[in-house]
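I have placed the structure first, in the form of structure tokens, so that the comments after it can refer back to it.
Number of protein chains: 2
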Amino acid sequence: MRINSERLLGDMRKLATFGKDGSGVHRLAFSKADMLAREWLSSRMSEGGLDPILDGVGNVHGKTRATTRSVLIGSHTDTVPHGGWLDGAMGVIYGLEVARCWREQGDLNLGGVDVISFQDEEGAYLSCLGSRSFFGEVKSEEIQTASNSEGEPLSEMIRLAGLSGRALARHDPEREIAYLEGHIEQGPQLESQGVRIGVVTGIVGIRRFTITIVGQADHAGTTPMSMRKDAVAVLMELGTRLFQDFRNLGSPETVWNLGNIVISPGAANVVPAKAELSVEFRDTTPEVLTRLEAAVAEAIGHLAASSPCVVESRPVLNLEPAAMDPALGRALHQAAEDHGLSHMAMPSGAGHDAMVCSRHLPSAMLFVPSIGGRSHDVAEHTADEDIVNGAQVLLTAVQALLGHEPNFLGHGK
Amino acid sequence: MRINSERLLGDMRKLATFGKDGSGVHRLAFSKADMLAREWLSSRMSEGGLDPILDGVGNVHGKTRATTRSVLIGSHTDTVPHGGWLDGAMGVIYGLEVARCWREQGDLNLGGVDVISFQDEEGAYLSCLGSRSFFGEVKSEEIQTASNSEGEPLSEMIRLAGLSGRALARHDPEREIAYLEGHIEQGPQLESQGVRIGVVTGIVGIRRFTITIVGQADHAGTTPMSMRKDAVAVLMELGTRLFQDFRNLGSPETVWNLGNIVISPGAANVVPAKAELSVEFRDTTPEVLTRLEAAVAEAIGHLAASSPCVVESRPVLNLEPAAMDPALGRALHQAAEDHGLSHMAMPSGAGHDAMVCSRHLPSAMLFVPSIGGRSHDVAEHTADEDIVNGAQVLLTAVQALLGHEPNFLGHGK
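Line by line, the protein sequences give chains L and E.
Counting in my numbering, the first sequence runs from 13 upward without gaps.
Counting in my numbering, the second sequence runs from 13 upward without gaps.
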């Protein structure tokens, strides 16, 4: 079976016109552009032989007609502010194109492909709202209290979008046997290694902390070194130790970031009274996260005891890693192999709807290269050939999944 | 000879009413409060037997009548915003009180005491404007181009204060044989060591740099550690090395400060693209300053070559140290000893008018304890007893200076 590249690329370019922002797209969840894009997507689903619904939180869910068993393929069509045209959107059109191809070239008796565009993956109001709603994870209080950065309430946006009272699309465990999501890598690895397809082993868990070091402001000329409570001196000791610990204790795939530092009062001639440091690390393995978390606690304990400053840590984000289904992963590797495309296993360092889906049914992701690793920016881009490759690998993997015994999937996550 | 403590403290408390700000004083150079304080000071000088002038930049200079030889004693009566009541003011009233005591109890044939309140030591417009003007160091362009933080031009303030066209007070090398300045320590050393009088060995020189580290912003989840240009990773290496180098290469009196750090973009999940670090160090010995400056250059050279970031340094302040006159210092130590007051030699970590004066005539400073080391704040305070001690030591030192041969001073700075 072959992807219709022209139809695939044509639909992707059409979708990019909703909220077009130079070479990118500005299409925040529930914005006019977002809702128009979702209506357009519904109509394309209908034309492609699917029965779409736009649900009560804005998800567009299309089921292939005349099937009782399906592989669900999708992602999200909302974007970050001034984002790229591929993040999320490509994965949704992949679903649409694979569904159409299967309907045209496959055997609907074996099953079909359902397609979904989840709402607000990017968290303008509530991160992964659509996928969490699809699996019944969203509490109504969450919807009542969520608002965007300008204070506009989510509940009001749902009403203004005309979604109030609509049914919620829900996962049907009898029907959907697997979830697949294609996505641009949003990083530099595939491009720099010249590999065409990345098969995601897992989505990293994240631990994020704000560490506060409180010393005392003093005149930097008249206060002897031995009498200072210098928050920056402690910061340097802590930062250097964390970089060393993370390097020694992490896996080869672990990433960490000390992304922000705020000093007060922040004057050249005043001993710094306070330093605030943001620390995060990511890994697909819970044990690694636990190990690094203990290292942070130990470093802080050491400095709190040995330095003249008060050193404290506050967790601000705690996301568990999500393992992708190994059997689905093998199917993706095999499909890439079948098409003569180089492929590699890799973690996803960013979050995706597949993270939510993997808690409820076998899920997998494939990545295609990002030019320059750029993403969440209008400069985000991927070569047409790579875009087509991704859809082709998904279609071939679906062929293997629907063509096999129902117990192809080990469900052994 | 004895100080009149009541008169001394009374005048100091009166001066503190000009620009009173809670327990402190807000009396910026050329403000209404500042000019009223200077007029009051002039009248107190007249009453005390001095001939005062308010000069063309706001200096108040009072010469003891009927003398041809003098010790000049003073400081400044302008303050930082919301500053303390002692910084500068105490040193000026010390001069006034010592001049009065000498006139009452001394021998005017040996000489007298002249008094000065320099203008704008704190640099609202031009740091040490008054003392630099007194020694002919100020160029007219400087006055024409200087303005305060709100953009108000110095020249306009001089005009509004009614000073335009007035004569400038100038140092008379035939008359003034020495400059003495009493000041609160503005630091914690005397208090913490229980010492009553500090005799200043020198005013520290300052080297201040802004160091810029430029890397590249990348997604902190999807960019492998080996592919990052992380400005904070380099910052930690640099900061740790500088703290070590300064500790190893400085003198016991050297102080250093990494007082501010600014990170951009400064997000927990973005690899830092840029770090800006402020570095300064202070010492009374030029050789130490040169050694530390070389260490900074070497650290930057090393990181520029070994890290993936661009690392650059820009000097922003370069003040040479000012040595105080050793013979005057000995006279101050001896005077403290005569009164049974504990005394110690110490550097001044902050700048003072004495720094300017020391370039032109033998100069010395004494410090009295600051409660809690606080200064440049309304909380600044010193015990009455310590205030009186400082004046008494100055008076006794003046007695020694004016009582001796004219060549008491070695001029061997």
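Note that the Cβ used here is the ideal one computed from N, Cα and C, for glycine as well.
- Contact with chain E is absent for Ile223/L, since none of that chain's Cβ atoms lies less than 7 angstroms from the residue's Cβ.
- The count of Cβ pairs closer than 8 angstroms, one atom from the stretch 210 to 220 of chain L and one from the stretch 102 to 110 of chain L, stays below three, leaving the stretches out of contact.
- With respect to Gly194/L, Gly402/L sits close: the two C-beta atoms are nearer than 7 angstroms.
- Residue state for Glu109/E is assigned as helix, using DSSP reduced to three classes.
- The C-alpha of Phe293/E is placed about 19 angstroms away from the C-alpha of Leu247/L.
- Annotation: the stretch 122 to 163 of chain L contains the following complete segments of the beta strand (DSSP E) (minimum length 3 residues), in chain order: 124 to 130.
- A residue is called buried when at least 16 other Cβ atoms come within 10 angstroms of its Cβ; Thr79/L meets this threshold and is buried.
- Within the stretch 289 to 301 of chain L, those residues whose Cβ lies closer than 7 angstroms to any Cβ of chain E are, in chain order, Ser290, Glu292 and Arg294.
- For Trp268/L, the enclosing beta strand (DSSP E) covers residues Val267 to Ser276.
- CA-to-CA, the gap between Met24/E and Arg14/E works out to about 18 angstroms.
- Annotated three-state conformation of Ala395/E is coil, per DSSP.
- Within the DSSP bridge table, the entry for Glu324/L names Thr224/L as partners.
- Per DSSP, reduced to three states, the secondary structure at Asn260/L is helical.
- Bridge partners of Asp33/L according to DSSP: Gly36/L.
- Put simply, the stretch 267 to 279 of chain L does not touch the stretch 255 to 263 of chain E. Fewer than three CB pairs are less than 8 angstroms apart.
- Selection Leu289/L, Asp46/L, Pro338/L and Glu149/L evaluated against Val274/L yields Leu289/L as nearest (Cα-Cα).
- Chain L places a beta carbon closer than 7 angstroms to that of Ala362/E, counting this residue as a contact.
- Of the other Cβ atoms in all chains shown, fewer than 16 fall within 10 Å of the Cβ of Ser152/E; this residue is therefore exposed.
- Looking at the backbone, the Cα of Ile196/L and that of Glu18/L are separated by about 19 angstroms.
- For Met336/E, the three-state secondary structure derived from DSSP is coil.
- Under the 7 angstroms criterion on CB atoms, Arg144/E is classed as non-interfacial with respect to chain L.
- Within the stretch 264 to 288 of chain E, those residues whose Cβ lies closer than 7 angstroms to any Cβ of chain L are, in chain order, Val267, Asn269, Leu270, Gly271, Asn272, Ile273, Ile275, Gly278, Ala279, Ala280, Asn281, Val282, Val283 and Pro284.
- Glu292/E carries a strand assignment under DSSP once its states are collapsed to helix, strand and coil.
- Per the C-alpha coordinates, the member of Ser319/L, Glu310/L, Ala409/L and Ala279/L positioned closest to Ala348/L is Ala409/L.
- With a threshold of 7 angstroms between beta carbons, His94/E makes no contact with chain L.
- For the stretch 193 to 222 of chain L, residues whose beta-carbon sits nearer than 8 angstroms to a beta-carbon of chain E comprise Glu197, Gln198, Gly199, Pro200, Gln201, Ser204, Val216, Ile218 and Arg220.
- Pairing Trp114/E with Gly36/E gives a Cβ-Cβ distance that is not under 7 angstroms.
- For Lys241/L, no beta strand (DSSP E) segment is defined, and its DSSP state is neither H nor E.
- Going by C-alpha positions, Gly415/E is about 12 angstroms away from Arg81/E.
- Of all residues in the stretch 375 to 395 of chain E, those with a C-beta nearer than 8 angstroms to a C-beta of chain L are Gly385, Ser387 and His388, reading in chain order.
- Interface annotation, Gly135/L: not in contact with chain E, CB-CB separation never under 7 angstroms.
- Among the bridge pairs identified by DSSP, Ser370/L is matched with none.
- Cβ contact annotation for Ser387/L (same chain, cutoff 7 angstroms, sequence separation greater than five): Gly96, Asp99, Ile196 and Gln198, in chain order.
- In the DSSP annotation of this structure, Leu315/L is not part of any beta strand (DSSP E); the continuous alpha helix (DSSP H) holding it starts and ends at Pro298 to Ser318.
- DSSP places Ile215/E inside the beta strand (DSSP E), whose first and last residues are Ile209 to Ile215.
- Close to chain E, meaning a Cβ-Cβ distance shorter than 8 angstroms, are the following residues of the stretch 225 to 239 of chain L: Asp230, His231, Ala232, Gly233, Thr234, Thr235, Pro236, Met237 and Met239.
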